[in-house]
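Inspection log for the structure reproduced underneath, given as structure tokens.
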Amino acid sequence: MPNTLLNKTIVVTRSEDQADGFVMALRNYNADVILAPTICLQPPASWADCDNALRKITDYDWLIFTSVNSVTFFKGRADALQVSLKRNSLKIAAVGQSTADKLQNLGLTVSLIPEIFSAKGLLNEFSKMQMKNQRVLAPGAENRQNTLQNGLKAICLEARFVTVYRNEPVRSFPNGSTEKLKQKRPDVLTFTSPSTFKNMLSLTGGKLFEEWICAGSQIAVIGNATQKAIQKAGYQVAIKAEKATTHSLAQAISTYYDE
3 MPNTLLNKTI
13 VVTRSEDQAD
23 GFVMALRNYN
33 ADVILAPTIC
43 LQPPASWADC
53 DNALRKITDY
63 DWLIFTSVNS
73 VTFFKGRADA
83 LQVSLKRNSL
93 KIAAVGQSTA
103 DKLQNLGLTV
113 SLIPEIFSAK
123 GLLNEFSKMQ
133 MKNQRVLAPG
143 AENRQNTLQN
153 GLKAICLEAR
163 FVTVYRNEPV
173 RSFPNGSTEK
183 LKQKRPDVLT
193 FTSPSTFKNM
203 LSLTGGKLFE
213 EWICAGSQIA
223 VIGNATQKAI
233 QKAGYQVAIK
243 AEKATTHSLA
253 QAISTYYDE
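Counting from 3, one number per residue, gives the positions in the sequence shown under this note's numbering.
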């Protein structure tokens, strides 16, 4: 690995239980990483809707996962209810290689991985298939983007979306991270979702964040939704991952400083 990020301070804002792979990828480029999660993952306020869908799992032709989180929470709930997801009649689609890897590690066969790791990429693949008589179940986050929902409802017989986790803001940064953030201006602030960005503004009161940007800190993101949220708030995105993975984001940051 090249030393492209040597002496560069990179802030990771994704949830602590998701950050290990990203932190490791950045450290492989010799970055100084500050783990400052702005969100934590929580189960839904009620499992009723998800449980109802699981009890009717045989009604569905496709099961769609757009993130590792959706796999983790949905499979955990299925196991708790003793509902098997291994069914010949149930095909599984995964957005992103990491999502597919998680499913395969759990012994589940993935039938479709769109070439473009996004909701639009998945909809593009489904548009090439006969979906008008298909019933689709898509577990995911609370208050997710409407792109996939609207697209699937337009082409499928039934598209059901159930909440299996929530992104909740943390109340403070982990011990040690706050002091590091005050003592050393980050070279790059990374955001993997709109919520990680919005909660960073809340945790820093906006003032500290503004000081970082004015002093030259760059913003790096995954996904169009994250980029749009940041631009809407009046900030520029300098670095964007080619694919919707943290490995791709680490690579993009490395390339930015290698040019």
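Beta carbons are placed, not taken as given, at the ideal position from N, Cα and C, and that holds for glycine.
Next on the checklist: Suppose contacts are defined by Cβ-Cβ distances below 8 Å. Is A121 in contact with G153 by that definition?
Outcome noted: Position 119 of the sequence shown holds residue 121. Position 151 of the sequence shown holds residue 153. In this structure, G153 lies closer than 8 Å to A121 by Cβ.
Checklist entry - Across which residues does DSSP place G142 in a beta bridge pair? => result As a working mapping, residue 142 is identified with position 140 in the sequence shown. Beta-bridge pairing links G142 to T165.
Item to check | Straight-line Cα distance separating E170 from R187 | outcome: What you label residue 187 is simply residue 185 of the sequence shown in a count that begins at 1. What you label residue 170 is simply residue 168 of the sequence shown in a count that begins at 1. One alpha carbon belongs to R187, the other to E170, and they sit about 26 Å apart.
Next on the checklist: What residue range does the beta strand (DSSP E) around Q220 cover?
Outcome noted: For the purposes of this step, residue 220 is identified with residue 218 of the sequence shown, where counting begins at 1. 220-223 is the extent of the beta strand (DSSP E) around Q220.
Checklist entry - Looking at C-alpha atoms only, which residue of F193, G208, F211, Q151 is the closest neighbour of A222? => result Translated into the one-based positions of the sequence shown, residue 222 becomes position 220. The residue with the shortest Cα to Cα distance from A222 is F193.
Item to check | Environment of R16 [buried if 16+ CB atoms lie within 10 Å] | outcome: Counted from its first residue, the sequence shown places residue 16 at position 14. With 16 or more other Cβ atoms from the protein chains shown falling within 10 Å of its own Cβ, R16 counts as buried.
Item to check | Cβ separation of G98 and F119, assumed to be a contact under 8 Å, to the nearest whole Å | outcome: Taking the first residue of the sequence shown as position 1, residue 98 is located at position 96. Taking the first residue of the sequence shown as position 1, residue 119 is located at position 117. That pair is a contact at about 4 Å.
Next on the checklist: For D34 and A246, I'd like the C-alpha separation in whole angstroms.
Outcome noted: Within the sequence shown, numbered from 1, the residue matching residue 34 stands at position 32. Within the sequence shown, numbered from 1, the residue matching residue 246 stands at position 244. Rounded to the nearest angstrom, the two C-alpha atoms are 23 Å apart.
Next on the checklist: In the DSSP assignment, the beta strand (DSSP E) including K93 goes from what residue to what residue?
Outcome noted: As a working mapping, residue 93 is identified with position 91 in the sequence shown. Its beta strand (DSSP E) spans residues 93-96.
Item to check | Other residues of its chain near C158: CB distance less than 6 Å, five sequence neighbours each side excluded | outcome: Translated into the one-based positions of the sequence shown, residue 158 becomes position 156. So the qualifying residues of the chain are M133, Q136, V138.
Item to check | Given I232 as reference, the closest of P176, H249, P39, F211 once Cα atoms are compared | outcome: For the purposes of this step, residue 232 is taken as residue 230 along the sequence shown, with counting starting at 1. Checked all of P176, H249, P39, F211; the closest Cα to I232 is F211.
Item to check | A96 classed as buried or exposed, judged by whether at least 16 other C-beta atoms fall within 10 angstroms | outcome: For the purposes of this step, residue 96 is taken as the residue at position 94 of the sequence shown. With 16 or more Cβ atoms within 10 Å of its Cβ, A96 is classed as buried.
Item to check | Per-residue DSSP class, three states only, for R79 | outcome: Mapped onto the sequence shown, residue 79 falls at position 77. Three-state DSSP puts R79 in a helix.
Next on the checklist: Taking contact to mean 3 or more Cβ pairs, one atom from each stretch, closer than 8 Å, check whether the stretch 108-119 and the stretch 141-152 are in contact.
Outcome noted: no
Item to check | Top-ranked residue by Cα proximity to H249, from S100, L108, Q220, P176 | outcome: Locating residue 249 in the sequence shown gives position 247, where the first residue counts as 1. Here the closest residue by C-alpha is S100.
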